[in-house]
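Structure first, then comments.
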Amino acid sequence: ETGVTQTPRHLVMGMTNKKSLKCEQHLGHNAMYWYKQSAKKPLELMFVYSLEERVENNSVPSRFSPECPNSSHLFLHLHTLQPEDSALYLCASSQGAGGGAGETQYFGPGTRLLVL
Amino acid sequence: AQSVAQPEDQVNVAEGNPLTVKCTYSVSGNPYLFWYVQYPNRGLQFLLKYITGDNLVKGSYGFEAEFNKSQTSFHLKKPSALVSDSALYFCAVRITGGSYIPTFGRGTSLIVHP
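Order-wise, the sequence lines are chains A and B.
Going by the working numbering, the first sequence wraps up at 116, each residue one higher than the last.
Going by the working numbering, the second sequence wraps up at 114, each residue one higher than the last.
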């Protein structure tokens with residue numbers, strides 16, 4: 001266990017559904033990340049939060065909406081997704097800004113999302 | 001700007017043989033370099049990192065990597081591969097004094113044959 005948990009582990013949803021992915025870290029980190037991992041494609045950074053403020057938003061469609069209510073929790077709200085959004089969604093955390101050299105990321109197990 | 005390249009999509013090696021997974025990087029300053037491993041249906045796990053000092057870095061599960069500044073490389077190595085080493089390996093880089101957000105390579109699938 002890395003200290004980062006994600007729920008649910010698997011999710012099947014229709015294109016008109018609304019669902020949320022949850023990530024929780026127990027490491028006292030200040031930065032949290034959402035990544036999308038699709039087959040045969042590089043790891044895509046979606047969002048970064050540092051001290052609960054969004055610091056990175058990599059041109060992600062608005063049907064993905066992140067929320068970081070506190071430094072331990074990160075959500076990804078999903079709405080009217082497309083089949084091409086099917087992927088493994090990974091959450092990660094790190095010590096964040098001012099965390100010193102060699103920032104290491106700790107990843108959760110991911111949520112396998114299938115959009116029908 | 002920072003980037004990292006993993007030139008091989010897949011590496012095949014027989015069990016017991018040495019393995020190498022290649023990584024080259026491009027940064028405008030001094031790099032911090034990382035290797036992560038991903039087993040099927042799991043998230044990425046940290047293996048090792050280079051910050052400064054000795055160019056040979058030892059990590060988990062018997063893996064090591066050598067930082068070569070002149071060749072801008074950070075290849076992952078293991079003297080004797082195990083079938084259980086079969087997984088997806090990611091190299092990542094960030095710049096010292098820059099953003100703490102790393103840039104990942106595309107990943108290399110390592111297959112160790114019995």
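Cβ coordinates follow ideal geometry from the N, Cα and C atoms, glycine included.
Pull up the CB-CB distance for THR20(B) and LEU76(B), whole angstroms please, since I reckon it's below 8 Å. Contact flag correct, Cβ pair sits at about 7 Å.
Residues of chain B with CB under 7 Å from PRO109(A), in chain order? Within chain B, the residues near PRO109(A) are ARG42 and GLY43.
Output needed in chain order: residues of the region 63-94 of chain A with a Cβ under 7 Å from some Cβ in chain B. For the region 63-94 of chain A, which is checked against every Cβ of chain B, the residues closer than 7 Å are LEU90 and SER94.
Exposure of ASN30(A), with buried meaning 16 or more beta-carbon neighbours within 10 Å: Buried is the call here.
Taking the continuous beta strand (DSSP E) assigned at ARG54(A), which residues delimit it? Where ARG54(A) is concerned, the enclosing beta strand (DSSP E) stretches over 53-57.
At a CB-CB cut-off below 9 Å, which residues of chain A make contact with PHE46(B)? THR2, THR104, GLN105, TYR106 and PHE107, listed in chain order.
Should LYS49(B) be flagged as near chain A, meaning a C-beta pair shorter than 8 Å? The beta carbon of LYS49(B) falls within 8 Å of a beta carbon belonging to chain A, placing the residue at that interface.
Which term fits PRO40(B), buried or exposed, when burial requires 16 or more other beta carbons within 10 angstroms of its beta carbon? Result: exposed.
GLU24(A) - partner residues in DSSP beta bridges: Bridge partners of GLU24(A): THR5(A) and HIS73(A).
Whole-Å CB distance - LYS36(A) paired with ALA87(A), under 8 Å assumed: Sure, about 5 Å apart at Cβ, within 8 Å.
Run down chain B in chain order and give the residues with a C-beta less than 7 Å from the C-beta of ALA39(A). None at all; the shortest Cβ gap to chain B is about 11 Å.
Step through the CB atoms of chain B and report whether any lies within less than 8 Å of the CB of GLU56(A). With 8 Å as the cut-off, GLU56(A) counts as an interface residue toward chain B.
In angstroms with no decimal places, state the Cα-to-Cα distance between PRO61(A) and VAL48(A). If you take the alpha carbons of PRO61(A) and VAL48(A), they lie about 15 Å apart.
Pull up the DSSP beta-bridge partners for LEU45(A), would you. LEU45(A) is bridged to TYR35(A).
From this set, LEU27(A), HIS26(A), HIS10(A) and GLN25(A), which residue's C-alpha is nearest LYS19(A)'s C-alpha? Minimum Cα distance to LYS19(A) is reached at HIS10(A).
Rounded to the nearest angstrom, what separates GLY107(B) and ALA5(B) at their Cα positions? Looking at the two C-alpha atoms, the distance is approximately 9 Å.
Determine the chain B residues that contact PRO42(A) at a beta-carbon separation under 8 Å, and present them in chain order. Correct list: PHE104, GLY105, ARG106 and GLY107.
Taking the alpha-carbon of ASN30(B) as reference, which of ILE111(B), VAL112(B) and VAL93(B) has the nearest alpha-carbon? Checked all of ILE111(B), VAL112(B) and VAL93(B); the closest Cα to ASN30(B) is VAL93(B).
DSSP puts LEU116(A) in a beta bridge; with which residues? The beta-bridge partner set that DSSP reports for LEU116(A) is empty.
Is there a Cβ from chain A that is less than 8 Å from the Cβ of PHE90(B)? For PHE90(B), the answer is yes, since a Cβ of chain A falls inside 8 Å of its Cβ.
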